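Once you know that position 49 of the sequence shown is 375 in my numbering, the rest is easy, because the numbers rise by one and skip nothing.
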Amino acid sequence: MDYQDFFASALDRLKEERRYRVFADIERQAGRFPTAIWHSPKGSRDITVWCSNDYLGMGQNKGVMRAMVETAWRVGTGAGGTRNISGNSHPLVELEAELADLHGKEAGLVFTSGYVSNQTGIATIAKLIPNCLILSDALNHNSMIEGVRQSCCEKAIFRHNDLAHLEELLQAADERPKLIVFESIYSMDGDISPIHAICDLAERYNAMTYLDEVHAVGMYGPRGGGIAEREGAMHRIDVIEGTLGKAFGVMGGYITASRSVIDAVRSFAPGFIFTTALPPAVAAAATASVRHLKTSSDERAKQHYQVNRTKAALVNAGLPVLETSTHIVPIMVGDAEACKAASDRLLEQHGIYIQPINYPTVPRGTERLRITPTPFHSEAHIAALASALVEVWTTLKLPLDPKAAAA
Ligand code: PLP
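Pasting the structure below:
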């Protein structure tokens with residue numbers, strides 16, 4: 327038996343289905359974002375990044391970088407083990423207090439990523455509720471799906487953002503304990519869930535709520551608490567989950583909730599108990615970022631402004647922009663090969679990096695380029711993006727809106 331053959335043929339299948347992923351070799355440069363260096367097979371060159379989830383450019387914020395470097399010099403690099411072994415590092419204690427305050431909750435708990443916080447957080451919470459039924463939005467992120475799966479609880483999937491379907495499932499569940507898990511911003515279509523209406527249903531049918539705000543924290547709400555903060559709904563949600571790796575520009579994930587829920591997850595969640603804690607320097611950088619965005623709305627205002635400028639420029643150029651009310655700007659392609667070809671040509675010919683989004687991240691036939699304008703994208707960047715996309719669309723014979731393109 328040749329074990330290597332199994333791996334080679336698995337990769338061949340992926341390539342046949344046009345799902346094989348190639349990662350560009352990119353070196354970010356503090357102080358120059360969204361410019362980065364692409365180490366291409368033909369040598370190194372400057373490129374403009376248009377798809378980073380460092381949505382506000384906080385990864386190069388001087389206060390955030392200083393907090394990370396100074397803490398590393400003061401206390402060293404690693405956490406020294408799991409919290410069971412090493413205790414809580416003081417920067418983590420400060421970060422958790424900051425996050426609880428951000429979401430108006432009694433307590434917070436930090437994990438090594440947003441993925442882990444969903445996976446182990448949902449699984450642990452649902453497992454502790456006897457006979458729990460999990461109601462999960464059909465478009466929830468893989469980390470939430472894995473959390474539901476690992477809980478071993480029964481699940482019911484409601485159609486995406488479909489309140490009538492959710493109510494039908496809640497009704498059918500009768501008196502049974504229920505947990506509704508959903509996101510505030512769905513990251514591929516950039517749409518927003520009806521948080522208040524879901525909370526109304528949760529209250530009517532006595533269900534607990536778990537909200538993923540990964541693509542909203544830092545960017546929405548007066549203090550960056552997310553869509554639930556913007557809509558005055560934070561107090562109605564039982565568990566709010568977020569990441570420190572996107573708009574906060576660092577790394578790590580967290581949940582915030584009542585003291586008893588947090589203490590229970592801390593005490594029972596394998597993905598918390600059995601893994602080395604986030605390094606203190608990373609925690610200190612995250613704290614600096616969260617604190618900064620609680621009081622500064624500059625980055626949010628500039629991001630929203632540049633998002634609107636980008637959307638307008640691309641629509642005016644006749645490009646198939648999916649309409650969203652968020653900072654996520656999908657350009658629809660609808661074919662895996664064309665999507666990859668568009669991404670390659672943008673990078674090679676125009677020095678613009680936007681990775682292709684193909685199945686299984688999005689359904690087949692809805693392949694797209696997902697653009698995320700930041701406060702650091704200038705008018706010149708936007709103009710260059712629009713003309714590069716038009717050149718690529720024309721060369722690859724992808725459809726442009728002729729009316730808009732002629733105007
Ligand atoms: N939740 C959602 C909705 C996400 O899109 C992602 C990652 O993209 C995560 C959770 C995981 O967060 P992290 O990147 O911090 O692991």
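C-beta atoms are modelled at their ideal positions from N, C-alpha and C, and glycine is treated no differently.
Just so it is clear, the structure is predicted and the values come from calculations on it, not from any experiment.
Proximity test, residue i beta-carbon vs the ligand PLP heavy atom, cut-off 8 Å
i	result
GLY578	yes
SER439	yes
LEU310	In the structure as shown, the chain starts at 327 and stops at 733, and residue 310 therefore has no counterpart that could be examined.
MET470	yes
GLU625	no
HIS486	no
ASP538	yes
HIS541	yes
ASN457	no
ASN379	yes
HIS467	yes
VAL442	yes
SER462	no
SER669	no
SER513	yes
GLU292	Residue 292 lies beyond the residue range present for the chain, which begins at 327 and ends at 733; the question has no answer from this structure.
GLU509	yes
Proximity below 9 Å, CB of residue i to CB of residue j
i	j	result
ALA356	GLY385	yes
LEU492	ILE524	yes
ILE475	ALA449	This sequence places Arg at residue 475; Ile is not what is there. Yes, they are a contact pair.
PRO689	ALA398	no
ASN487	PRO456	no
ILE566	ILE588	no
LEU645	ASP727	yes
ARG345	TYR679	no
GLY544	SER462	no
LEU459	LEU505	yes
PRO656	ARG694	yes
GLY571	GLY440	yes
ASP351	GLY677	no
PHE484	ALA464	yes
SER443	GLY575	no
The alpha helix (DSSP H) enclosing residue i, as first and last residue numbers
i	result
GLU555	553-556
LEU454	440-454
VAL474	468-477
GLU492	The question names Glu, yet the displayed sequence has Leu at residue 492. That run of the alpha helix (DSSP H) goes 489-499.
ASN410	409-412
ASP427	416-428
ASP515	Segment: none, ASP515 is in no alpha helix (DSSP H) and carries neither H nor E.
SER335	329-342
ALA595	Run containing ALA595: none; DSSP gives neither H nor E here.
Residue i - containing beta strand (DSSP E), residue span
i	result
GLU509	504-509
GLU480	480-484
SER462	459-463
VAL436	433-437
Any non-hydrogen atom of the ligand MG closer than 8 Å to residue i Cβ
i	result
GLY568	This structure lacks the ligand MG; its bound ligands are the ligand PLP.
I'd like the ranges of any beta strand (DSSP E) spanning at least 3 consecutive residues and lying wholly in the region 638-713.
655-658 and 694-697
What residue ranges within the region 350-378 form continuous beta strand (DSSP E) runs of no fewer than 3 residues, ordered along the chain?
352-354, 361-366 and 369-375
Can you list the alpha helix (DSSP H) stretches of 4 or more residues lying completely in the region 529-580, in chain order?
553-556
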